[in-house]
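One structure below.
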Amino acid sequence: MADEKDSGSGSIRRRWWDPAVSTVALELAGLGICGLVALVGWPFGWLPDTGFVEIVTGVFAIGPAAELYSGAGPPRRLAAVAALLALVAVRLVVAAAVNWAFPALVDPGVGVLVGYLCAIPAGVAVLAWFLARANVA
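Heads up, the sequence shown is in the working numbering, so the first residue is -14 and it goes up one at a time.
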């Protein structure tokens, strides 16, 4: 790729949005697993609740963020704080928007789940952006 370059340590630098795209793909895999669990549990009267879906997708999608954080240099704490603030802000805004747009939902946790699914890639993108900026400077 044109944006990949050697940083001198032998590692290849990627674009800052690549981990966010990977996170979305992993979230979709986690949602697929939750869908399979729902298909298996449905005949027995059990459907996964929103907390289960949040945990499964979070466990699946945490890989790119953990890889970025473990491979980063000294300013990674500030990047992690910025990513967590972005995660919380996006989650709250999206959850409020979903709850406002669909007030008749049976489970109010759906808004929180949608906010969570949107906030994880946003948080990873902020983390990657801050770490990329710190390594350039």
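The beta carbon of each residue, even a glycine, is placed where N, CA and C say it ideally should be.
Apart from the five residues just before and just after residue i, which ones in its own chain have a Cβ nearer than 8 angstroms to its Cβ?
i     : result
Val75 : Gly100, Cys103, Ala104, Ala107 and Gly108
Leu98 : Thr35, Val38 and Glu39
So what does DSSP say about residue i, is it helix, strand or coil?
i        : result
Pro60    : coil
Phe115   : helix
Asp(-12) : Below a pLDDT of 50, predicted positions are generally treated as unreliable, and Asp(-12), at 48, falls in that range; the measurement from the model is reported next regardless. Looking at Asp(-12) - three-state DSSP - the assignment turns out to be coil, as it is neither helix nor strand.
Phe29    : helix
Ala107   : helix
Phe87    : coil
Arg34    : Correcting the residue identity first, residue 34 is Asp in this sequence and not Arg. Coil.
Quick check on residue i: buried or exposed, where buried means 16 or more other Cβ atoms within 10 Å of its Cβ?
i        : result
Lys(-10) : With a pLDDT of only 49 at Lys(-10), under the threshold of 50, the placement of this residue in the model should not be trusted; the figure read from the coordinates follows. Classification of Lys(-10): exposed, given that the 10 Å Cβ count is below 16.
Gly17    : exposed
Pro59    : exposed
Leu11    : buried
Val83    : buried
Leu90    : exposed
When the cut-off is 9 angstroms and only beta carbons count, does residue i lie next to chain C?
i     : result
Leu13 : In the displayed structure, chain C is absent; only one protein chain is listed.
For residue i, tell me which candidate among the options has the shortest Cα-Cα distance.
i      : options                      : result
Leu112 : Val66, Leu11 and Leu21       : Val66
Leu13  : Leu32, Ile47 and Gly26       : Ile47
Pro49  : Ala117, Pro4 and Trp114      : Pro4
Thr8   : Ala23, Gly43, Leu32 and Arg0 : Gly43
Gly15  : Ala51, Phe45 and Ala110      : Phe45
For the alpha helix (DSSP H) containing residue i, name the first residue and the last one.
i     : result
Pro49 : Gly48 to Ser55
If I measure Cβ to Cβ from residue i and keep anything under 6 angstroms in the same chain, skipping five residues before and after, which residues do I get?
i      : result
Ala119 : Pro60
Kindly list the residues whose CB is nearer than 7 angstroms to the CB of residue i, restricted to its own chain and excluding five residues on each side of it in sequence; keep chain order.
i      : result
Leu116 : Leu53, Ala57, Arg61 and Ala64
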